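In terms of the working numbering, the sequence shown opens at residue 6 and continues consecutively.
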Amino acid sequence: MNHLHEIRPDLDQGIDRKELAKLRARFLQVNQGRLERAREGLSTRQQYVLTLLPLLFHVNHPLLPGYVSGNTPAGLSGFEPDPQLLAEAQRMARSFTHKARRGNTAQPIHGLFLMGSLGTLAQAEQSDMDVWVCHAPGLGEAELAELRRKCQLLVAWAASQGAEAHFFLIEPKGFVEGERNGQLSSDDCGTTQHYLLLDEFYRTAIWLGGRTPLWWLVPVYEEHNYLAYTQTLLSKRFIRAEDDVDLGHLAHIPPGEFVGAGLWQLFKGIDSPYKSLLKLLLTEAYANEHPGVRCLSLDYKQAVFANHLDLDALDPYVMVYRRIEQYLQGRGETARLELVRRSLYLKVNKKLSELGRARAGGWQRRLLQRLTEEWGWGERQLAMLDSRAQWKVRQVAAERRELVAELNHSYRFLTQFARAQNASSRADQRDLNVLGRRLYAAFERRAGKIEVINPGIAPDLAEDTLTLVQSPNRKEPGTYHWGLYNGNLGVHEWEHFSPIKRCRELLELLTWAHRNGVIDSSTRLALHPGSSDLTEFELFNLLGSLQQTITLPLETVSEIRLLQPSVAEEILLLVNVGIDPLRQHRDLNILMTTERTDSLSYAGVRENLVLTLDQVTLNSWNEVLVHRYDGEHALVRCLRDYLNSLGQHRHRPRLRVRCFCHSRAQAITQRVEEVFATVQQLLDQGLNHRYLLQVAQHTHVLELEPGQVTLATLPDHDAVLACLSEERGAYSPLHLDANALQDHDLPLVLEQGRPHCIQVFYRLFEGWAELYVLDEYNALWQQRLPLQDETHLLLPLQRFLRSVVVRRDAQLPLDSLQQASLETLYYQLLPSGNGKARSLEPRPVPSEGADRGGYDVQAILQAGAGGEVHVTLYCDQLEFSELEHGDQLYAVVARQILGRRRSAGSYRCYITDLDLSELLGEESGSTALYLRYKTELEKALNEGLEQLQAMREP
């Protein structure tokens, strides 16, 4: 220990130049010690880089690294290379010679400083060199461009010597005024920090050459008077301006900087928590002292002024630890302090257990040894930390809980501090929101989400050998679960061990193991499939599919993505995992020999071979989610949810479908891919499509609207017709899956759907006929009627449809009438009679000239109280109302119709015109709606007619 007295250069008592020189010498003494420590931790070639840097900025020589041109700013203030340095340069370039500068030659490079972990307890082989290049003000853009180019060339040269170097150009006056062109260290958070970055600079920077910091010479008690104090030093010539570089003071740190620094360290801590934890806790300790913050650089300066020059005590990381220790002990938070100690130990990465004692000593190891003895750590604690490279799932999961709790604590502290101090700008609040989402994506638990257990805790969780077991779930009789065990365990041997992880479903377990690196390409797996049909072949392919879909390591999520809701990026659908669908059916012979091979309606018994789907999703926030669909409607529920997850985004995830079951895997894969591809293409067209999909005995109708997809599962043809008959407000294309309604005539009809017209289809049978109408919106109407001949079948319908079109046209402007009027088209399904229709042919519109005894029956519907509808009928221009005839209305009208008929016969009664204007208001109403009312009214009329005819029979 140097026993010089404490230096107090007071303005009031006079300043001694000799004392200032002694003070500068003390800082340089500490600086030299740190520089020697830095060199000690570098390789010979890395030392070579560090040694030559001052000379390379002092001269321009074509054969030396970093040469751009003779015009590049060069000349390091007050620097003269010693003979040893010149000899090093001449070994690199034999023709190099150096002439000392004479007179007032410009020296635009004011100072070189090495900032960061070099020379500290935390220096490691991979530590980089962050060099601040302080230059004169007034350099032109061309000169600055040359200097930047020189720095780029020096980065490349350093890399060739095994050193990672970064150079940052600093114009001191602009820096003091807050001017920043970009980041100022490789660990910099951008432009939101100034004073905290300066604090780190003053307590970690190693001076390499040029002017020394003016800040060194200002006592801590004068920090608040920094400008006046330094002005006095300069104006009274206690110091020369060309000897010092002024980067500013640390009298006050705005509260917003603590928010910015904390945000940055939290961001980094998500992937590298140990590295960020110390800085996070230091930021919290600082913020907790606000507004009376005494930053560590002031403690460092005070120690030098007091002549306390012990390098271990002044080590930047030791000082950080001591401040955090003081803060947490004062709060009684011993668990957090223990986590900080572990973080420091792992950051230093010098093994002190028996595992590492055979290695060489070194000052870092000795200092760390003293600290761990102070903490009371024994061999067991040291051995546990030294084996971090071998930590596996259980240790990592336990450590993760503490780290995640600490990160969440820091986020809450920052949020509360920003609110309490009104410290967050709009940019900070935005960053807080983004960070909240980043933490949510990384650590929040929710159903189906795969938990990431290793955020930078251990380098490798992969196991050499694992055993995968399906076993009965004793807590839920009749169910099973899957477990993953260490080692290669035999039958029932696994029962004596605890699993690494247990899940209800296999895919959730495998996805967890892959996402966390527990299973990698070198892991050997023993399989005990239990009651499942899982084979080693299927297991191998399942893991391969996961590796293809979730490629590790995942890229960091950009801020742009976090500002938007998460969307699926990759989706993997795995069909029939661990299940052989044909083994589930009883009559294998029928199933295997039939010619009908559609996987969704397989064989004569129409079985669905898609029994389960496991969906693995990787979204834009790097979350991995697993969802399982099973049961007879698994496929359509998965399809509906997938389409709804797309919303109205144009973005479409990459979808992979895979099946590795024993029977018909390729055919199943192709069929599921076909279904998903079809509906996605329909959805991309932007219209409100409907899609009919036949799966085994059920028909499913998916309503495909942009942003929303609904599903109806229909048990029979009647339900299908009812669904297709629902009125629509706009044209909706209808698409039938290849297997839909195969035993029915409907596919021939539905495939003809066209907008802006009414299409009538009919098929004749012995004594009866089927009528179908597709209206202008593609809604279906169907009716089965007795058949006398085509005229009596079609003409009443045509007269009704014509009246509907006339009413619709009456509501349209005249200039659009011709274009908007609906055309009516007729088709006959052939052949007539029994069997399935195979074709259809256009038919002319029925002519009213062929009407034999036609008459008009008009209905007017009006709204009543409580949702009731009142009916008034007109027959032969005579009015018949419910008000007059009550529940006998239809029988009275039927009698009127029967009395007016020219010939006897059991002809039906028809409605030829219908007015719904009061019910519809301003709406025009679809043709299908008119037809539905027509059907109900005609049913009532014909029931009345049958009663009358029954009364007349003898």
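A virtual CB, placed ideally from N, CA and C, is assigned to each residue, including glycine. Since we're looking at a predicted model, the values are computed, not measured.
Open item on the list: Does the CB of residue 454 have a neighbour CB from chain D at under 7 Å?
Closed with: No chain D appears in the structure shown, which is made up of a single protein chain.
- [ ] With DSSP as the reference, label residue 573 as helix, strand or coil.
- [x] If you number the sequence shown from 1, residue 573 lands on position 568. Reduced to three states, the DSSP call for residue 573 is strand.
- [ ] Using three-state DSSP, classify residue 876 as helix, strand or coil.
- [x] By one-based count along the sequence shown, residue 876 stands at place 871. In this structure, residue 876 counts as strand in the three-state DSSP scheme.
Task: Coil, strand or helix - residue 656 by DSSP - done: The residue you call residue 656 lines up with position 651 of the sequence shown. Three-state DSSP puts residue 656 in coil, outside helix and strand.
Task: Distance CB(residue 584)-CB(residue 525) smaller than 7 Å - done: Along the sequence shown, one-based indexing puts residue 584 at 579. Along the sequence shown, one-based indexing puts residue 525 at 520. Taking 7 Å as the Cβ cut-off, residue 584 and residue 525 do not qualify as a contacting pair.
TODO: Please name the residue or residues paired with residue 580 in a DSSP beta bridge.
DONE: Against the sequence shown, residue 580 aligns to sequence position 575. 618, 664.
Task: 8 Å CB neighbourhood of residue 598 in its chain, flanking five on each side removed - done: As a position in the sequence shown, residue 598 is number 593, starting the count at 1. Low confidence applies here, because residue 598 scores a pLDDT of 44, under 50, leaving its location unreliable; read the following figure in that light. Cβ within range, chain order: n/a, list empty.
TODO: Leaving aside the five residues before and after residue 600 along the sequence, list all residues of the same chain whose C-beta is less than 7 Å from its C-beta, in chain order.
DONE: Start at 1 with the first residue of the sequence shown, and residue 600 comes out as number 595. Residue placement at residue 600 is poorly supported in this model, since its pLDDT is 47, which falls under 50; the coordinates are not used for a value here.
- [ ] Ignore the nearest five residues each way along the sequence and tell me which others in residue 21's own chain have a CB closer than 6 Å to its CB.
- [x] Taking the first residue of the sequence shown as 1, we reach residue 21 at position 16. Here the set comprises nothing.
- [ ] Report all residues from its chain with a CB closer than 8 Å to the CB of residue 402; omit the five preceding and five following residues, and keep chain order.
- [x] To locate residue 402, count along the sequence shown from 1; it is residue 397. The answer, listed in chain order, is 458.
Open item on the list: Measuring straight from C-alpha to C-alpha, what distance separates residue 191 and residue 135?
Closed with: Here residue 191 refers to the residue found at position 186 when the sequence shown is read from its first residue. Here residue 135 refers to the residue found at position 130 when the sequence shown is read from its first residue. Only weak support is given to the placement of residue 191: the predicted model assigns it a pLDDT of 46, under 50, and the question is left unresolved by the model.
Task: Three or more C-beta pairs below 8 Å linking the stretch 647-656 and the stretch 468-480 - done: no
Task: Three CB pairs or more closer than 8 Å across the stretch 207-217 and the stretch 106-117 - done: yes
Task: Residue environment, residue 334, which counts as buried when at least 16 other CB atoms sit within 10 Å - done: If you number the sequence shown from 1, residue 334 lands on position 329. Exposed: under 16 other Cβ atoms inside 10 Å.
- [ ] Determine the closest residue to residue 13 out of 306, 940, 344, 561, with distance taken between C-alpha atoms.
- [x] On the sequence shown, residue 13 is found 8 positions in, with the first residue counted as 1. Closest option to residue 13, Cα to Cα, is 306.
Open item on the list: Applying the 10 Å Cβ sphere with the 16-neighbour rule, what's the burial state of residue 63?
Closed with: Mapped onto the sequence shown, residue 63 falls at position 58. Residue 63 comes out buried.
Task: Opposing strand residues paired with residue 137 [DSSP bridges] - done: Within the sequence shown, residue 137 is the residue found at index 132, counting from 1. DSSP, once it has assigned bridges, lists 118, 173 as partnering residue 137.
TODO: At 4 residues or longer, and completely inside the stretch 429-501: list those alpha helix (DSSP H) runs for me, N to C.
DONE: Those alpha helix (DSSP H) runs which fall completely within the stretch 429-501 and span 4+ residues are 431-448.
- [ ] Please confirm if the stretch 928-939 is in contact with the stretch 715-735, defined as three or more CB-CB distances below 8 Å between the two stretches.
- [x] yes
TODO: Kindly indicate the opening and closing residues of the alpha helix (DSSP H) around residue 332.
DONE: Here residue 332 corresponds to residue number 327 of the sequence shown, with the count starting at 1. Start and end: 321-336.
Task: Three-state secondary structure assigned by DSSP to residue 886 - done: Translated into the one-based positions of the sequence shown, residue 886 becomes position 881. In this structure, residue 886 counts as strand in the three-state DSSP scheme.
TODO: Enumerate in chain order the residues of its own chain whose CB-to-CB distance from residue 223 is below 6 Å, with the five nearest sequence positions on each side excluded.
DONE: Here residue 223 is taken as the residue at index 218 of the sequence shown, counted from 1. 231, 234, listed in sequence order.
Task: DSSP beta-bridge partners of residue 533 - done: Within the sequence shown, the letter at position 528 stands for residue 533. DSSP lists 474 as partners of residue 533.
Task: Same chain, Cβ closer than 8 Å to residue 956, five either side skipped, listed in chain order - done: Within the sequence shown, residue 956 is the residue found at index 951, counting from 1. So the list is empty, once near-sequence residues are dropped.
Task: Beta-carbon proximity of residue 828 to residue 762, cut-off 7 Å - done: Sequence index remark: in the sequence shown, residue 828 carries index 823 (1-based). Sequence index remark: in the sequence shown, residue 762 carries index 757 (1-based). In contact: residue 828 and residue 762 (Cβ atoms closer than 7 Å).
Task: DSSP state of residue 6 mapped onto helix, strand, coil - done: Within the sequence shown, residue 6 is the residue found at index 1, counting from 1. The pLDDT assigned to residue 6 is 42, lower than 50, so where the model puts this residue is not dependable; a value taken from the coordinates is nonetheless given after this. Correct three-state label for residue 6: coil.
Open item on the list: To the nearest angstrom, how far is the alpha carbon of residue 550 from that of residue 349?
Closed with: One-based indexing of the sequence shown puts residue 550 at position 545. One-based indexing of the sequence shown puts residue 349 at position 344. Taking the straight line joining both Cα atoms gives about 40 Å.
TODO: Assuming residue 929 and residue 759 form a contact by the criterion Cβ under 8 Å, report the distance between their Cβ atoms to the nearest whole angstrom.
DONE: For the purposes of this step, residue 929 is identified with residue 924 of the sequence shown, where counting begins at 1. For the purposes of this step, residue 759 is identified with residue 754 of the sequence shown, where counting begins at 1. In this structure residue 929 is not in contact with residue 759, their Cβ atoms being roughly 19 Å apart against a cut-off of 8 Å.
- [ ] Report the residue from 481, 533, 467, 519 whose alpha carbon sits nearest the alpha carbon of residue 499.
- [x] Position 494 of the sequence shown, counted from the start, is the residue given in the question as residue 499. Answer by Cα proximity: 533.
Task: Of the listed residues 277, 555, 301, nearest to residue 225 (C-alpha basis) - done: Locating residue 225 in the sequence shown gives position 220, counting from the first residue. Among 277, 555, 301, the Cα nearest to that of residue 225 is on 301.
- [ ] Would you kindly report the start and end of the unbroken alpha helix (DSSP H) that includes residue 2?
- [x] With the chain running from 6 to 959 in the structure shown, residue 2 is simply not present.
TODO: Mind checking who residue 772 pairs with in its DSSP beta bridge?
DONE: Along the sequence shown, one-based indexing puts residue 772 at 767. Looking at the DSSP assignment, residue 772 forms no beta bridge with any residue, so it has no partner.
Task: Member of 261, 496, 581, 546 whose CA lies at the smallest distance from the CA of residue 423 - done: As a first step, residue 423 is located in the sequence shown; it is residue number 418 there, counting from the start. Among 261, 496, 581, 546, the Cα nearest to that of residue 423 is on 261.
- [ ] Could you check the C-alpha separation between residue 483 and residue 579 for me, to the nearest Å?
- [x] Taking the first residue of the sequence shown as position 1, residue 483 is located at position 478. Taking the first residue of the sequence shown as position 1, residue 579 is located at position 574. Taking the straight line joining both Cα atoms gives about 24 Å.
Task: Alpha carbon of residue 4 to alpha carbon of residue 617, nearest angstrom - done: A query on residue 4 cannot be resolved here, the shown segment of the chain reaching from 6 to 959 and no further.
Open item on the list: Only counting the same chain, and skipping five residues up and downstream in sequence, which positions put a Cβ closer than 6 Å to that of residue 172?
Closed with: On the sequence shown, position 167 is the one that residue 172 refers to. Excluding residues up to 5 positions away in sequence, 136, 138, 156 lie with their Cβ nearer than 6 Å to the Cβ of residue 172 in the same chain.
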